[in-house]
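Quick notes on the structure that follows.
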Amino acid sequence: MSSGNEPGATPPPSDAELERMDRDALVRLGTSLDGVEIVNYPEPWPVKGTRAEKRAERAVALSFLISALAGVGFVVALIWWPWRYQPPSNQDAHFLYSLYTPLLGITLGVSILALATGVLLYTKRFIPDELAIQQRDDNMGQGSAELHRKTILAQLADAGNRSTFARRSAIKRSLGLSAGMLGLGTVALPVASLIKDPWDQTDTKESLWHTGWQQQFPGEIVYLRRNTGIPDEISLVRPEDLDAGGMETVFPFRESERGNHEALLHALRRADNPVLLIRLRPEDADRVVKRQGQEDFNFGDYYAFSKICTHVGCPASLYEQRTNRLLCPCHQSQFDVLQYAKPVFGPATRALPQLPITVHTDGYLIARHDFIEAIGPGFWERPS
Ligand code: FES
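Numbering-wise (our numbering), the sequence shown opens with residue 36 and increments by one.
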């Protein structure tokens, strides 16, 4: 292996010689000090101003321009597109709302992709395709700090000059626009989350604090219904419908929604509505430990728990009768039904909220009121 400090190696120039060197000489010196020999350093466009060169320049600028336009689209969609949930009954508004997330993804994706395409095109068309050979010895330590500083700066300036970036104003402007729009989008993301307050309607039935089991007026009867697969077919649940040790998924039903296809469908589809109705075996019912303040939430041997896992919201719908455990298939959390569905295994940390139930005078099971806590995974504003 050779070394730059071996006898015979070119001695570094003196300070006076260094001062007299122009940039090309400094570049040659820098590469030779690094043991690099540049074999070929062709100009990508030896004849300036050809149509092919202009075409290549326009293609790069167009990519950056598309990136900028998509960036503008992202910011506009993020701030002004209707983002609040709209029920399917409100067809036009629901359609616009359903486009919100896809629009954000498409505009941001196109913006980044077009920017990357522009950079790649520029690199391929305008950066010289250099061929260089470097010796294994990197010559570290030879020459003064000033010599290294000057040769490195000269090499950087030479690379910048050969890239011809400085004189391509269309590319510079479009790249600036694209970067600016993407930067604006980056700033708009956290700002938009401050502008949009999801808690400005905390008392509405659509807020995270309430589910479809909430009474819409005092005294409203909210029945437990099963899903037969036909939204308009109302099948209410009586206590005798369930055998001891049985389990059934139920949804809210109110008489005011009978015959209203959209409302009935929404009640079956709303994410926080599914409830597991469980009838314990008599020998298990005797061993139940009730949660403080919720001692009367059950009706005899019947217990109703939210089906939405408190870990990250999968349906915890596997009921093992022998152990009285509810299992969530996503990450294997287990909830002990005999102890107010508190988690006994897996990543979930909170019990499944319990729905207070009773039997109405007509013999059907009903909810006494909504859950008394938010269901599903935790969120910032949740106190526990
Ligand atoms: S969502 Fe249920 S365990 Fe993760």
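Note that beta-carbon positions come from the ideal geometry of N, C-alpha and C, so glycine has one too.
Helix or strand or just coil, what does DSSP make of residue i?
i	result
V323	coil
I73	strand
M216	helix
Q389	strand
S341	strand
K207	helix
V95	helix
R316	coil
E41	Only weak support exists for where E41 lies, its pLDDT of 47 falling under 50; the coordinates are left without a value.
Q126	helix
V285	strand
K377	strand
R360	strand
D331	coil
V351	What sits at residue 351 in the sequence shown is Ala, not Val. It is coil, neither helix nor strand.
L311	strand
F406	coil
P418	coil
L243	coil
R273	coil
I187	helix
R260	strand
D267	coil
V372	coil
V82	coil
Short check: CB of residue i to CB of residue j, under 8 Å?
i	j	result
L150	F99	yes
A402	W244	no
D319	L362	no
I147	D307	no
L390	S341	yes
G70	Q190	no
F109	L139	yes
A156	A87	Before going further, note that residue 156 is Leu rather than Ala in the sequence given. Cβ atoms of L156 and A87: not closer than 8 Å.
P47	L188	no
I114	A205	no
S124	E255	no
H395	P122	no
G379	A339	For the sequence presented, residue 379 should be read as Val rather than Gly. No, they are not a contact pair.
L312	M282	yes
G348	Q367	no
R203	P163	no
S102	S213	yes
T345	L387	yes
L53	K185	yes
A279	P317	yes
P81	F161	no
Suppose you measure from the CA of residue i to the CA of residue j; what does that come to, to the nearest Å?
i	j	result
R385	Q329	15 Å
I269	V257	13 Å
V324	R261	27 Å
V226	D405	34 Å
T284	S291	22 Å
N75	D57	21 Å
G43	E92	Note that G43 scores a pLDDT of 46, beneath 50, so its modelled location is shaky; the value from the coordinates is reported in the next line. Looking at the two C-alpha atoms, the distance is approximately 47 Å.
K159	E165	12 Å
D397	P274	12 Å
Q251	G144	42 Å
T393	A105	55 Å
R360	G413	22 Å
Y120	A351	25 Å
D267	F286	13 Å
N333	L353	20 Å
P418	E408	10 Å
R304	G264	11 Å
E416	D331	27 Å
F288	Y337	18 Å
R314	P137	43 Å
A112	H129	16 Å
R55	L210	37 Å
R208	A96	8 Å
V62	D193	7 Å
L83	T152	Before going on, a small fix: residue 83 reads as Lys here, not Leu. Roughly 24 Å separates the two Cα atoms.
V272	P253	22 Å
D59	W116	55 Å
Among all residues, which have a Cβ less than 7 Å from at least one non-hydrogen atom of ligand 1, and in what chain order do they fall? C344, H346, V347, G348, C349, A351, C363, C365, H366, Q367, S368, G381, P382, A383
Fully enclosed by the segment 100–185, which alpha helix (DSSP H) runs are 4 residues long or longer? 126–133, 135–161
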